[in-house]
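S.K.: In terms of the UniProt record's numbering, the numbers along the sequence shown are unbroken and rise by one, the last being 228.
We put the beta carbon where it would ideally sit given N, CA and C, even for glycine.
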Amino acid sequence: VDKSSQRLTIAIQKSGRLSKESIALLQACGFKFSLHEARLLAHSSNQPVDLLRVRDDDIPGLVMDGVVDLGLVGENVLEEVRLERQATKLASTVQRLRALDFGQCRLSLAIPKEENYTGVKDLEGKRIATTYPYLLQNYLQQQGVSASNAILTGSVEVAPRAGLADAVCDLVSTGATLEANGLVEKEVIFRSQAQLIQRPEPLSAAKQAIVDQLLPRIDGVQMARE
Ligand code: PRP
Ligand code: ZN
Ligand code: MG
3 VDKSSQRLTI
13 AIQKSGRLSK
23 ESIALLQACG
33 FKFSLHEARL
43 LAHSSNQPVD
53 LLRVRDDDIP
63 GLVMDGVVDL
73 GLVGENVLEE
83 VRLERQATKL
93 ASTVQRLRAL
103 DFGQCRLSLA
113 IPKEENYTGV
123 KDLEGKRIAT
133 TYPYLLQNYL
143 QQQGVSASNA
153 ILTGSVEVAP
163 RAGLADAVCD
173 LVSTGATLEA
183 NGLVEKEVIF
193 RSQAQLIQRP
203 EPLSAAKQAI
213 VDQLLPRIDG
223 VQMARE
């Protein structure tokens, strides 16, 4: 028997808006980790728990495929990956264990500040730069608008000035990025916060026991800082 299969594996974002708070939450729940910047895997020294530090975009798929047991990820990424995997017929279910009190942001449509805007219909026939093509198309379809995606993996906010798009659909938290790029937020299409998710297949009894201990601790930590 592979001993590692007895250890609960939790995927968290390696670097980005959720990283620090993800680790802080798990530490506040009593898990001790020694984190080495370069390492993908961090073992807890006081619990049979391992942290896997990866790109946030990879977390939902790892949980949906049961490669890891739990994941801490933004709802925006979770929903985008779910839609994408549904469209491509890959496993797309997870168990949502808790909504967490950090990582609040919204996915919004924004346009250059000098452009007129009367409503989402103005985007008909336009090109919209995004890293969230499925959430965007879902929204546009509901609104009865047909626009084309310019799919970028980053730097979406520079697309209008670079002549690549007429609008952007990107995450907004403070609004500083839009502001710095002469863009104005016009529609919020999705509101997001961090989520704790679990793989769809049941856990071993040993792993389930750790999760049963973790959840009330998370509730306690979150209640204390409300
Ligand atoms: C998002 C988004 C903007 C920034 C907005 O990027 O793409 O760049 O955050 O935040 P603000 O409103 O506070 O300026 P994120 O940090 O999620 O990283 P990524 O674009 O590399 O995925
Ligand atoms: Zn990302
Ligand atoms: Mg960005």
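Arg55: beta carbon under 7 Å from a heavy atom of the ligand PRP?
M.R.: By 1-based counting over the sequence shown, the position of residue 55 is 53. Not under cutoff, so the answer is no.
S.K.: Do Leu185 and Pro162 count as a contact pair if the criterion is CB distance below 8 Å?
M.R.: For the purposes of this step, residue 162 is identified with residue 160 of the sequence shown, where counting begins at 1. For the purposes of this step, residue 185 is identified with residue 183 of the sequence shown, where counting begins at 1. Their beta carbons are under 8 Å apart, which means Pro162 touches Leu185 by this criterion.
S.K.: Would you report the Cα separation of Gln143 and Pro135, rounded to the nearest angstrom?
M.R.: As a working mapping, residue 143 is identified with position 141 in the sequence shown. As a working mapping, residue 135 is identified with position 133 in the sequence shown. About 12 Å.
S.K.: Let me check one thing: in DSSP terms, what residues is residue 239 bridge-paired to?
M.R.: The displayed coordinates of the chain run from 3 to 228. Any statement about residue 239 would go beyond what the structure contains.
S.K.: Whole angstroms is fine: what's the gap from Thr90's alpha carbon to Lys115's?
M.R.: Here residue 90 refers to the residue found at position 88 when the sequence shown is read from its first residue. Here residue 115 refers to the residue found at position 113 when the sequence shown is read from its first residue. Near 37 Å, if we compare the C-alpha coordinates of Lys115 and Thr90.
S.K.: Starting from Gly68, trace the alpha helix (DSSP H) both ways and give me its first and last residue.
M.R.: Counting from 1 along the sequence shown, the entry for residue 68 is found at position 66. Unbroken run through Gly68: none, as it is neither H nor E.
S.K.: Around the C-beta of Ala131, are 16 or more other C-beta atoms found within 10 angstroms, so that it is buried, or is it exposed?
M.R.: As a first step, residue 131 is located in the sequence shown; it is residue number 129 there, counting from the start. Its Cβ being crowded by 16 or more others within 10 Å, Ala131 is buried.
S.K.: Quick one: grab the DSSP three-state call for Glu96.
M.R.: Taking the sequence shown and counting its residues from 1, one reaches residue 96 at position 94. It is worth fixing the name first, because residue 96 is Val in this sequence and not Glu. Coil, per DSSP.
S.K.: Reducing DSSP to helix, strand and coil, say where Asp172 ends up.
M.R.: Looking up residue 172 in the sequence shown gives position 170. In the structure shown, Asp172 sits in a strand (DSSP, three-state: E or B).
S.K.: Just confirm the distance between the C-beta atoms of Pro62 and Val79, as a whole number of angstroms; I'd bet it's less than 8 Å.
M.R.: Taking the first residue of the sequence shown as position 1, residue 62 is located at position 60. Taking the first residue of the sequence shown as position 1, residue 79 is located at position 77. Confirmed, Cβ separation roughly 6 Å.
S.K.: With H, G and I counted as helix, E and B as strand and the rest as coil, what does DSSP make of Gln106?
M.R.: Reading the sequence shown from its first residue, position 104 is the one you call residue 106. Three-state result, Gln106: coil.
S.K.: If contact is defined by three or more beta carbon pairs under 8 Å, each pair taking one atom from either stretch, is the stretch 89-103 in contact with the stretch 115-130?
M.R.: No: fewer than three Cβ pairs fall under 8 Å.
S.K.: I'd like the span of the alpha helix (DSSP H) that includes Glu126, first residue to last.
M.R.: Working through the sequence shown from its first residue, we reach residue 126 at position 124. Careful: Glu126 lies outside any alpha helix (DSSP H) and carries neither H nor E.
S.K.: Please check the pair Leu54 and Val70, which I expect to be a contact at CB under 8 Å, by giving their CB distance rounded to whole angstroms.
M.R.: Start at 1 with the first residue of the sequence shown, and residue 54 comes out as number 52. Start at 1 with the first residue of the sequence shown, and residue 70 comes out as number 68. Right, their Cβ atoms sit about 6 Å apart.
S.K.: Can you determine whether any heavy atom of the ligand PRP sits closer than 7 Å to the C-beta of Val122, and answer yes or no?
M.R.: Sequence index remark: in the sequence shown, residue 122 carries index 120 (1-based). At a cut-off of 7 Å, the beta-carbon of Val122 does not count as near the ligand PRP: no heavy atom of the ligand is closer than that.
S.K.: Helix, strand or coil: which one does DSSP assign to Gln197?
M.R.: Translated into the one-based positions of the sequence shown, residue 197 becomes position 195. DSSP places Gln197 in strand when its eight states are reduced to three.
S.K.: Just how far apart, CA to CA, sit Met225 and Arg57?
M.R.: Here the question's residue 225 lines up with position 223 in the sequence shown. Here the question's residue 57 lines up with position 55 in the sequence shown. Whole-angstrom Cα-Cα distance: 29 Å.
S.K.: Can you give the Cα-Cα distance for Asn140 and Asn48, rounded to whole angstroms?
M.R.: On the sequence shown, position 138 is the one that residue 140 refers to. On the sequence shown, position 46 is the one that residue 48 refers to. C-alpha separation (whole angstroms): 44 Å.
S.K.: Please identify the residue among Arg9, Leu138 and Ser157 whose C-alpha is closest to the C-alpha of Ser148.
M.R.: The residue given as residue 148 occupies position 146 in the sequence shown. If we check each option's Cα against that of Ser148, Leu138 comes out closest.
S.K.: Does the ligand PRP have a heavy atom nearer than 7 Å to the CB of Arg163?
M.R.: Indexing the sequence shown from 1 puts residue 163 at position 161. Flag unset: Cβ of Arg163 not near the ligand PRP.
S.K.: Use the C-beta contact count for residue 2: other C-beta atoms within 10 angstroms, 16 or more gives buried, fewer gives exposed.
M.R.: Coverage of the chain is limited to positions 3 through 228, which leaves residue 2 absent and any answer about it impossible.
S.K.: Would you list the residues sitting across from Leu54 in a DSSP beta bridge?
M.R.: Sequence index remark: in the sequence shown, residue 54 carries index 52 (1-based). DSSP, once it has assigned bridges, lists Ala13 and Leu43 as partnering Leu54.
S.K.: Span of the alpha helix (DSSP H) holding Asn140?
M.R.: On the sequence shown, position 138 is the one that residue 140 refers to. Note, Asn140: alpha helix (DSSP H), Pro135 to Gln145.
S.K.: For Ala106, which residues in the same chain have their Cβ closer than 6 Å to its Cβ, ignoring the five residues on either side in sequence?
M.R.: The residue labelled residue 106 in the question sits at position 104 within the sequence shown. Correcting the residue identity first, residue 106 is Gln in this sequence and not Ala. Excluding residues within five positions, the ones whose Cβ falls inside 6 Å are Gln195.
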